[in-house]
Amino acid sequence: MTHFSHHDYLEGPKRGDADWPSRRASLVRGLKLHVQVFLLAAPLLLMINWITLGDDGGWWSVLILQIWAAAAGLHVLGVSTEFARNRSAH
182 MTHFSHHDYL EGPKRGDADW PSRRASLVRG LKLHVQVFLL AAPLLLMINW ITLGDDGGWW
242 SVLILQIWAA AAGLHVLGVS TEFARNRSAH
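The opening residue of the sequence shown carries number 182 in my numbering; numbering runs sequentially from there.
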């Protein structure tokens with residue numbers, strides 16, 4: 182199975198590109214997988230933080246969790262925005 186990144190989708194289909202439907206399907210599956218991984222990892226990180234609370238009530242990685250959540254959100258937003266824009270253009 183060939184791996185396509187979301188950057189392949191940004192280019193869009195080329196004239197006579199018979200492989201485009203399978204590439205597009207692969208990209209949609211990749212986007213869904215990203216969302217599923219983010220939805221699984223965020224609660225796990227919160228659970229780890231809750232389990233490892235310090236004596237002062239501080240979490241060991243609040244900043245890391247916040248940065249990770251922001252990066253995940255921006256990634257999904259960016260990929261899905263480009264996906265929607267290119268879908269409407271073709």
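The C-beta atom is built at its ideal place from N, Cα and C for all residues, glycine as well. Computed from a predicted model, the values in this text were never measured in an experiment.
The segment 249–260 contacting the segment 218–238, beta-carbon criterion three pairs below 8 Å: yes
Quick check: the Cα distance between Ser203 and Arg210, rounded to an integer number of angstroms? 11 Å
Leu246, DSSP secondary structure in three states: helix
Report all residues from its chain with a CB closer than 8 Å to the CB of Asp200; omit the five preceding and five following residues, and keep chain order. none
Measuring straight from C-alpha to C-alpha, what distance separates Leu214 and Val257? 11 Å
Would you check if the distance between the CB atom of Val243 and the CB atom of Asn230 is smaller than 9 Å? yes
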